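Engineer: Protein chains in written order, with the UniProt record's numbering: chain A, 1 to 328; chain B, 1 to 328.
Just so it is clear, CB atoms sit at the ideal spot from N, CA and C, and this is done for glycine as well.
The structure presented is a predicted model; accordingly, all values stated were derived computationally and were not measured.
Protein chains: 2
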Amino acid sequence: MSVKRITSIDVARYAGVSPSAVSRTYTAQHKVSAATRQKVLAAADALGYHPNALARALVNSGRQGSGTVAVVMSEFDNPFQPYLFSLLTQALQQAGYIPMLINVTADCDIHTSLLQAQAWQVEAAIISAGSLSQAATERCLELQLPMVLMGREDRQKKVTAVLSDNRYAGRLAADYLADAGLTRLAFISGRQDGQASQERQQGFCARLQERALPAPLVILNQDYAYQSGYRAMQRIIRHAPHAEGVFCACDALAFGALDAQRLEDHRRRPVIGCDDTPMANWQGYRLTTVRQPVEQLVKQVLINLKQVLSGCAGAAATVRIQPELVVR
Amino acid sequence: MSVKRITSIDVARYAGVSPSAVSRTYTAQHKVSAATRQKVLAAADALGYHPNALARALVNSGRQGSGTVAVVMSEFDNPFQPYLFSLLTQALQQAGYIPMLINVTADCDIHTSLLQAQAWQVEAAIISAGSLSQAATERCLELQLPMVLMGREDRQKKVTAVLSDNRYAGRLAADYLADAGLTRLAFISGRQDGQASQERQQGFCARLQERALPAPLVILNQDYAYQSGYRAMQRIIRHAPHAEGVFCACDALAFGALDAQRLEDHRRRPVIGCDDTPMANWQGYRLTTVRQPVEQLVKQVLINLKQVLSGCAGAAATVRIQPELVVR
DNA sequence: TTGAAAGCGATACCAC
DNA sequence: GTGGTATCGCTTTCAA
Numbered sequence: 001m002s003v004k005r006i007t008s009i010d011v012a013r014y015a016g017v018s019p020s021a022v023s024r025t026y027t028a029q030h031k032v033s034a035a036t037r038q039k040v041l042a043a044a045d046a047l048g049y050h051p052n053a054l055a056r057a058l059v060n061s062g063r064q065g066s067g068t069v070a071v072v073m074s075e076f077d078n079p080f081q082p083y084l085f086s087l088l089t090q091a092l093q094q095a096g097y098i099p100m101l102i103n104v105t106a107d108c109d110i111h112t113s114l115l116q117a118q119a120w121q122v123e124a125a126i127i128s129a130g131s132l133s134q135a136a137t138e139r140c141l142e143l144q145l146p147m148v149l150m151g152r153e154d155r156q157k158k159v160t161a162v163l164s165d166n167r168y169a170g171r172l173a174a175d176y177l178a179d180a181g182l183t184r185l186a187f188i189s190g191r192q193d194g195q196a197s198q199e200r201q202q203g204f205c206a207r208l209q210e211r212a213l214p215a216p217l218v219i220l221n222q223d224y225a226y227q228s229g230y231r232a233m234q235r236i237i238r239h240a241p242h243a244e245g246v247f248c249a250c251d252a253l254a255f256g257a258l259d260a261q262r263l264e265d266h267r268r269r270p271v272i273g274c275d276d277t278p279m280a281n282w283q284g285y286r287l288t289t290v291r292q293p294v295e296q297l298v299k300q301v302l303i304n305l306k307q308v309l310s311g312c313a314g315a316a317a318t319v320r321i322q323p324e325l326v327v328r
Numbered sequence: 001m002s003v004k005r006i007t008s009i010d011v012a013r014y015a016g017v018s019p020s021a022v023s024r025t026y027t028a029q030h031k032v033s034a035a036t037r038q039k040v041l042a043a044a045d046a047l048g049y050h051p052n053a054l055a056r057a058l059v060n061s062g063r064q065g066s067g068t069v070a071v072v073m074s075e076f077d078n079p080f081q082p083y084l085f086s087l088l089t090q091a092l093q094q095a096g097y098i099p100m101l102i103n104v105t106a107d108c109d110i111h112t113s114l115l116q117a118q119a120w121q122v123e124a125a126i127i128s129a130g131s132l133s134q135a136a137t138e139r140c141l142e143l144q145l146p147m148v149l150m151g152r153e154d155r156q157k158k159v160t161a162v163l164s165d166n167r168y169a170g171r172l173a174a175d176y177l178a179d180a181g182l183t184r185l186a187f188i189s190g191r192q193d194g195q196a197s198q199e200r201q202q203g204f205c206a207r208l209q210e211r212a213l214p215a216p217l218v219i220l221n222q223d224y225a226y227q228s229g230y231r232a233m234q235r236i237i238r239h240a241p242h243a244e245g246v247f248c249a250c251d252a253l254a255f256g257a258l259d260a261q262r263l264e265d266h267r268r269r270p271v272i273g274c275d276d277t278p279m280a281n282w283q284g285y286r287l288t289t290v291r292q293p294v295e296q297l298v299k300q301v302l303i304n305l306k307q308v309l310s311g312c313a314g315a316a317a318t319v320r321i322q323p324e325l326v327v328r
């Protein structure tokens with residue numbers, strides 16, 4: 001039935017060396033003479049041997065780490081998430097990790113899933129579920145599993161987090177619209193309890209206030225979805241048609257808002273997004289937006305990951321990445 | 001430094017039973033008396049014990065299977081992929097598997113990545129890299145790793161595959177356009193060597209021929225991207241403005257084509273997509289498209305996965321799922 | 001039903 | 001540098 005598996009012992013025997021020698025040829029940091037190395041590799045090749053990562057991880061679970069990382073994500077329907085996810089997993093793979101995916105829909109899942117991941121001795125978890133309740137975060141903290149948060153931080157700052165400077169993003173948007181001479185502005189929120197949405201709103205409002213401009217009309221939503229952006233713009237068209245410019249908490253909302261305006265209004269107000277998803281550059285949208293520098297975010301996540309794993313002291317800090325305005 | 005890990009032995013000692021008893025309480029198929037079960041669970045709870053999946057998998061690698069599955073994906077920039085991916089991983093999680101992700105950009109990566117996954121003793125690999133060369137597929141076959149292909153099959157039909165009936169999809173599109181009385185049609189391809197694109201084209205052309213309609217103008221592309229759809233439509237506008245209807249190999253292409261038409265032409269030809277990504281239902285597009293029933297695809301993949309794992313005989317079959325036209 | 005003991009496959013520590 | 005060997009945490013025969 002099941003094929004006999006080739007073990008390091010088989011290779012050792014075949015090559016006429018000890019199992020230790022085989023092990024050493026496959027662990028970078030160890031020293032083997034070129035001669036034995038050759039013999040081992042030849043034998044391995046002849047037998048079709050590949051080291052068993054499970055066994056390896058079992059032995060040095062505790063010391064070296066298993067080589068796996070849990071990646072917790074949600075909201076794949078928002079175009080920003082897959083974009084981020086793709087880059088993140090590629091970076092992890094390149095760094096030699098193999099990502100175990102935890103796709104979360106409801107808040108309640110995440111704790112269970114992390115338990116499962118932890119059972120697999122993942123070295124750490126990278127949590128990018130933007131809309132993760134504080135309660136859920138707390139429970140994850142109890143897990144004693146090294147974590148890096150992405151796109152959110154925990155209130156008590158007990159966990160490393162990497163996120164963009166959302167307030168600054170809001171300010172950029174405010175400046176852009178204000179510089180264009182617009183004064184009656186609106187903000188379309190994402191999830192009300194979402195950190196990103198809240199901070200972007202704060203930055204936007206604060207900057208307008210600094211410039212002595214009227215506070216924007218704020219339209220609240222329950223999510224970051226296209227449809228919410230669409231409906232929000234409908235409300236603006238109907239109840240605040242005088243609005244001269246709109247800042248949206250994310251690109252997906254902005255796409256909805258743009259379409260609502262195009263299809264249901266003759267007026268053309270500038271709509272500013274936030275994220276700079278690849279879609280923002282589609283000719284059909286050409287959305288002016290505030291870019292989250294995803295490559296940098298990912299790079300920083302990997303840096304923080306290493307810090308957390310090395311038990312570095314100042315690891316529990318939040319790193320903010322500067323966004324930049326992309327005018328289209 | 002590292003926290004002392006709680007092992008089954010600790011629990012056994014604490015509960016006053018043997019390690020075997022602990023093991024048995026945690027493996028469904030085994031029998032334990034209610035009394036000992038209670039003691040074990042109480043002890044586990046008191047100590048905060050969770051079985052080590054690594055060790056468990058190591059022991060019964062070979063017999064029971066590890067509980068992990070490799071998921072190979074690519075092209076996260078095409079909105080269909082994340083959509084599929086999200087549902088697939090959720091289904092896997094629900095079935096008790098934990099997906100190890102392999103995000104592939106180039107063809108060459110995949111073999112290496114699968115080797116890595118295999119080292120982790122994944123039970124099987126689900127390969128949804130639509131644009132995977134035949135050569136790469138062959139090399140994967142040599143791996144002796146149980147596989148399920150998604151969205152493509154291998155020519156020699158040695159591997160189970162689940163994909164939608166793309167030819168039928170093409171026929172649906174042809175009928176829809178022909179029923180509308182249109183005769184001068186065009187087809188915008190995706191990756192020329194992509195199976196989905198080829199089959200959709202074949203079905204489309206075949207059906208037109210059956211109905212004695214002229215063969216469509218075919219515009220070839222190197223990928224399934226929005227930009228390619230946009231450029232393709234530009235070419236139609238410039239060189240074949242008389243075209244009355246367009247069928248695109250996927251939704252993303254159709255979005256590009258629609259936008260090109262909207263922005264650069266006064267004419268309005270029906271544009272038909274293929275996939276039915278969530279975006280197709282956006283008010284900005286309201287794309288009539290041929291739906292790939294993703295839920296069914298995923299369900300079938302899990303069925304085939306079980307078959308492959310049980311070493312079932314007829315497992316090497318291709319299952320085709322019927323797509324359906326969604327008129328918007 | 002239960003416990004004792006033999007592995008699963010690889011690594012690290014210890015002598016040589 | 002190299003080879004023996006205990007060990008990682010769990011499961012599973014085999015007797016009792």
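Using 8 Å as the limit for Cβ to Cβ distance, is H239(B) near chain A?
Structural biologist: Taking the second sequence and counting its residues from 1, the one referred to as residue 239(B) is at position 239. Chain A contact via Cβ: absent.
Engineer: Sort A95(A), A161(A), I127(A), R5(A) by Cα distance to L101(A) and report the nearest one.
Structural biologist: Taking the first sequence and counting its residues from 1, the one referred to as residue 101(A) is at position 101. It is I127(A).
Engineer: Counting contacts by CB-CB distance shorter than 8 Å, is H50(B) in contact with chain A?
Structural biologist: The residue labelled residue 50(B) in the question sits at position 50 within the second sequence. Cβ-Cβ to chain A under 8 Å: yes for H50(B).
Engineer: Report the neighbours of A103(A) on chain B: residues whose CB is nearer than 7 Å to its CB, in chain order.
Structural biologist: Start at 1 with the first residue of the first sequence, and residue 103(A) comes out as number 103. For clarity, residue 103(A) is Asn in the given sequence; the question names Ala instead. What N103(A) touches in chain B: S86, T89, Q90, Q93.
Engineer: In the DSSP assignment, the alpha helix (DSSP H) including V301(B) goes from what residue to what residue?
Structural biologist: As a position in the second sequence, residue 301(B) is number 301, starting the count at 1. Here the alpha helix (DSSP H) through V301(B) covers 294–309.
Engineer: Less than 8 Å between the beta carbons of G256(A) and Q227(A), yes or no?
Structural biologist: For the purposes of this step, residue 256(A) is taken as residue 256 along the first sequence, with counting starting at 1. For the purposes of this step, residue 227(A) is taken as residue 227 along the first sequence, with counting starting at 1. It is a contact, given that the beta carbons lie within the stated cut-off.
Engineer: Verify the CB distance criterion: does Q283(B) have a CB-CB separation below 8 Å to chain A?
Structural biologist: Start at 1 with the first residue of the second sequence, and residue 283(B) comes out as number 283. For Q283(B), the answer is yes, since a Cβ of chain A falls inside 8 Å of its Cβ.
Engineer: Mapping the DSSP letters down to three states, classify residue 338(A) as helix, strand or coil.
Structural biologist: Nothing about residue 338(A) can be read from this structure; chain A reaches only from 1 to 328.
Engineer: Can you name the residues of chain A whose CB is closer than 9 Å to the CB of S61(B)?
Structural biologist: Residue mapping note: residue 61(B) aligns to position 61 of the second sequence, counting from 1. The answer, in chain order, is R5, N52, L54, A55.
Engineer: Tell me S74(B)'s beta-bridge partners as DSSP assigns them.
Structural biologist: In the second sequence, counting from the first residue as 1, residue 74(B) sits at position 74. Partner(s): V104(B).
Engineer: Hey, how far is the Cα of D193(B) from the Cα of G67(B)?
Structural biologist: In the second sequence, residue 193(B) corresponds to position 193, counting from 1. In the second sequence, residue 67(B) corresponds to position 67, counting from 1. Their Cα atoms are separated by approximately 34 Å.
Engineer: Looking at the unbroken beta strand (DSSP E) that takes in R320(A), where does it start and where does it end?
Structural biologist: Along the first sequence, one-based indexing puts residue 320(A) at 320. Taken as a continuous stretch (DSSP letters only), the beta strand (DSSP E) holding R320(A) covers 318–321.
Engineer: Would you mind giving the Cβ-Cβ distance between E123(B) and L302(B), rounded to the nearest angstrom? I have them listed as a contact below 8 Å.
Structural biologist: Sequence index remark: in the second sequence, residue 123(B) carries index 123 (1-based). Sequence index remark: in the second sequence, residue 302(B) carries index 302 (1-based). 12 Å between Cβ atoms; not a contact.
Engineer: If the cut is a Cβ gap below 9 Å, which residues of chain A does M100(B) touch?
Structural biologist: Position 100 of the second sequence holds residue 100(B). Correct list: T68, I98, P99, M100, L101.
Engineer: What does DSSP give as the partner residues of P99(B) in its beta bridges?
Structural biologist: The count along the second sequence starts at 1 and reaches residue 99(B) at position 99. V69(B), per the DSSP bridge assignment.
Engineer: Applying the 10 Å Cβ sphere with the 16-neighbour rule, what's the burial state of Q322(B)?
Structural biologist: Residue mapping note: residue 322(B) aligns to position 322 of the second sequence, counting from 1. Counting Cβ neighbours within 10 Å, Q322(B) comes out exposed, since fewer than 16 surround it.
Engineer: Within its chain, find whatever has a CB closer than 6 Å to the CB of V32(A); leave out the 5 residues flanking it on each side and keep chain order.
Structural biologist: The count along the first sequence starts at 1 and reaches residue 32(A) at position 32. Within the same chain, V32(A) has close Cβ partners R24, T25.
Engineer: When the distance is taken between beta carbons, is A161(B) closer than 8 Å to A240(B)?
Structural biologist: Working through the second sequence from its first residue, we reach residue 240(B) at position 240. Working through the second sequence from its first residue, we reach residue 161(B) at position 161. No; because the gap between Cβ atoms is not below 8 Å, this pair is not in contact.
Engineer: Within its chain, find whatever has a CB closer than 6 Å to the CB of I272(B); leave out the 5 residues flanking it on each side and keep chain order.
Structural biologist: The count along the second sequence starts at 1 and reaches residue 272(B) at position 272. So the list reads A173, F247, T288, once near-sequence residues are dropped.
Engineer: Would you mind listing the beta strand (DSSP E) stretches within the segment 194–239 of chain B that are 3+ residues and don't spill past its ends, in chain order?
Structural biologist: Those beta strand (DSSP E) runs which fall completely within the segment 194–239 of chain B and span 3+ residues are 217–221.
Engineer: Quick one: measure Cβ to Cβ for S189(A) and Q201(A), integer angstroms, because I've assumed they're closer than 8 Å.
Structural biologist: Residue mapping note: residue 189(A) aligns to position 189 of the first sequence, counting from 1. Residue mapping note: residue 201(A) aligns to position 201 of the first sequence, counting from 1. Between Q201(A) and S189(A) the Cβ distance is about 6 Å, and since that is below 8 Å, they are a contact.
Engineer: Take the Cβ of R207(A) as the centre, count every other Cβ of all protein chains shown within 10 Å, and call the residue buried at 16 or more, exposed below.
Structural biologist: Position 207 of the first sequence, counting from 1, holds the residue named residue 207(A). Result: buried.
Engineer: Using a C-beta cutoff of 8 Å, does D223(B) count as contacting chain A?
Structural biologist: As a first step, residue 223(B) must be located in the second sequence, where it is residue number 223. So, not an interface residue.
Engineer: Mind listing which residues of the segment 109–132 of chain A have their C-beta closer than 8 Å to chain B's C-betas, in chain order?
Structural biologist: So the list reads S113, L115, Q116, A117, Q118, A119, W120, Q121, given in the order they occur along the chain.
Engineer: What is the DSSP secondary structure of E153(B), counted as helix, strand or coil?
Structural biologist: To locate residue 153(B), count along the second sequence from 1; it is residue 153. Looking at E153(B) - three-state DSSP - the assignment turns out to be coil, as it is neither helix nor strand.
Engineer: For the segment 177–205 of chain B, list every residue whose C-beta sits within 9 Å of some C-beta in chain A, in sequence order.
Structural biologist: If the cut-off is 9 Å between Cβ atoms, the segment 177–205 of chain B has nothing near chain A.
Engineer: Does the CB of D77(B) have a neighbour CB from chain A at under 8 Å?
Structural biologist: For this step, residue 77(B) is matched to residue 77 along the second sequence. Yes, its Cβ sits closer than 8 Å to a Cβ of chain A.
Engineer: Looking at C-beta atoms only, is the number of pairs between the segment 38–49 of chain B and the segment 39–48 of chain A that lie closer than 8 Å three or more?
Structural biologist: Contact fails: fewer than three Cβ-Cβ distances are below 8 Å.
Engineer: Cα separation between P278(B) and R155(A)?
Structural biologist: Position 278 of the second sequence, counted from the first residue, corresponds to residue 278(B). Position 155 of the first sequence, counted from the first residue, corresponds to residue 155(A). Rounded to whole angstroms, P278(B) to R155(A) spans 34 Å at the Cα level.
Engineer: What are the boundary residues of the beta strand (DSSP E) that D276(A) is part of?
Structural biologist: Counting from 1 along the first sequence, the entry for residue 276(A) is found at position 276. It is not in any beta strand (DSSP E) - D276(A) carries neither H nor E in the DSSP assignment.
Engineer: Does V72(A) have its Cβ less than 8 Å from a Cβ in chain B?
Structural biologist: Position 72 of the first sequence, counted from the first residue, corresponds to residue 72(A). Closer than 8 Å: no.
Engineer: Can you find a C-beta in chain B that's less than 8 Å from the C-beta of F255(A)?
Structural biologist: Within the first sequence, residue 255(A) is the residue found at index 255, counting from 1. Chain B, which has a Cβ nearer than 8 Å to the Cβ of F255(A), makes this yes.
Engineer: Check whether the Cβ of P146(A) lies closer than 8 Å to any Cβ atom in chain B.
Structural biologist: As a working mapping, residue 146(A) is identified with position 146 in the first sequence. No, no contact with chain B.
Engineer: Let me know the secondary structure DSSP gives I6(B) once reduced to three states.
Structural biologist: Locating residue 6(B) in the second sequence gives position 6, where the first residue counts as 1. In the structure shown, I6(B) sits in coil (DSSP, three-state: anything other than H, G, I, E or B).
Engineer: Return the Cβ separation of V72(B) and A129(B) in integer angstroms, given the expectation that the two are a contact with Cβ distance under 8 Å.
Structural biologist: Translated into the one-based positions of the second sequence, residue 72(B) becomes position 72. Translated into the one-based positions of the second sequence, residue 129(B) becomes position 129. About 5 Å; that satisfies the 8 Å criterion.
Engineer: Got a sec? Which residues, its chain only, sit under 7 Å from Q151(A) by beta carbon, not counting five neighbours each side?
Structural biologist: Locating residue 151(A) in the first sequence gives position 151, counting from the first residue. Checking the sequence, you will find Gly at residue 151(A) rather than Gln. Within the same chain, G151(A) has close Cβ partners S128, G130, L163, A196.
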